[in-house]
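Trainee:
Residue numbers (this note's numbering): 42 to 170.
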């Protein structure tokens, strides 16, 4: 089996210099966590699903935006931030694993399809006399 097509994504750095106010909630702040690479669409879907369905004590809005996670956070919960960032790292690892599985299934199906096409070519092959 060929190796995974998408890069492994991990959390790289918190961008503490670029904080943005949030229009909907004057108490909230948007900050970004840089990722190791820009994730694929599959990874993004897997991350968002894992984040949505996995229970955790605080679940602020998080979205993948290019090579970063955008997090809308209430500063009064700053004490929860280290645990929350560990939770995000776990979600990234889960997204990596699910992306790898999805791509392996796709590659396996593609490989089987190519084998079936080649088998048909072999069946139609006429050997010289």
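Just so it is clear, CB atoms sit at the ideal spot from N, CA and C, and this is done for glycine as well.
Taking C-beta to C-beta, are residue 83 and residue 53 nearer than 9 Å?
Mentor: For residue 83 and residue 53, no; Cβs fall outside 9 Å.
Trainee: Alpha carbons only, please: which of 78, 69, 120, 146 is nearest the one belonging to residue 103?
Mentor: Nearest of 78, 69, 120, 146 to residue 103, Cα basis: 69.
Trainee: Within 10 Å of its beta-carbon, does residue 66 have 16 or more other beta-carbons around it, so buried, or fewer, so exposed?
Mentor: It counts as exposed.
Trainee: For the alpha helix (DSSP H) that residue 149 lies in, which residues bound it at each end?
Mentor: Looking at the DSSP string, the run of the alpha helix (DSSP H) that includes residue 149 is 122-165.
Trainee: Using the Cα positions of residue 60 and residue 109, report the straight-line distance between them to the nearest angstrom.
Mentor: Going by the C-alpha atoms only, they are around 13 Å apart.
Trainee: Span of the beta strand (DSSP E) holding residue 50?
Mentor: That residue, residue 50, is in no beta strand (DSSP E); it is neither H nor E in DSSP.
Trainee: With a CB to CB cut of under 6 Å and the five nearest residues on each side skipped, what residues in its chain are close to residue 87?
Mentor: Once the five neighbours on either side are set aside, the close Cβ partners of residue 87 are 136, 139, 140.
Trainee: Compare the Cα-Cα distances from residue 125 to each of 92, 168, 150 and report the closest residue.
Mentor: Closest option to residue 125, Cα to Cα, is 92.
Trainee: Could you spell out the range, first to last residue, of the alpha helix (DSSP H) harbouring residue 76?
Mentor: Premise fails: residue 76 lies in the beta strand (DSSP E), 66-76, not in any alpha helix (DSSP H).
Trainee: Measuring CA to CA, which of 147, 157, 63, 95 is closest to residue 114?
Mentor: Of the candidates 147, 157, 63, 95, the one whose C-alpha sits nearest the C-alpha of residue 114 is 63.
Trainee: With burial defined as no fewer than 16 other Cβ atoms inside 10 Å of the residue's Cβ, what is the status of residue 43: buried or exposed?
Mentor: At residue 43 the pLDDT is 43, less than 50, meaning the model places this residue with poor confidence; the figure from the coordinates comes in the next sentence. Exposed, because fewer than 16 other Cβ atoms sit within 10 Å of the Cβ of residue 43.
Trainee: To test your reading of the DSSP string, which unbroken beta strand (DSSP E) runs of 3 or more residues are found completely within the segment 84-112?
Mentor: Entirely contained in the segment 84-112, the beta strand (DSSP E) runs reaching 3 residues are, in chain order, 103-106.
Trainee: Inspect the beta-carbon positions of residue 72 and residue 105 and report whether they are closer than 9 Å.
Mentor: Not in contact: residue 72 and residue 105 (Cβ atoms no closer than 9 Å).
Trainee: Taking 8 Å as the limit between beta carbons, can you name the residues of its chain near residue 45, skipping five residues before and five after?
Mentor: For residue 45, the predicted model reports a pLDDT of 48, less than 50, meaning its position is unreliable; a value from the coordinates is still stated below. Contacts found: 140, 141, 144, 145.
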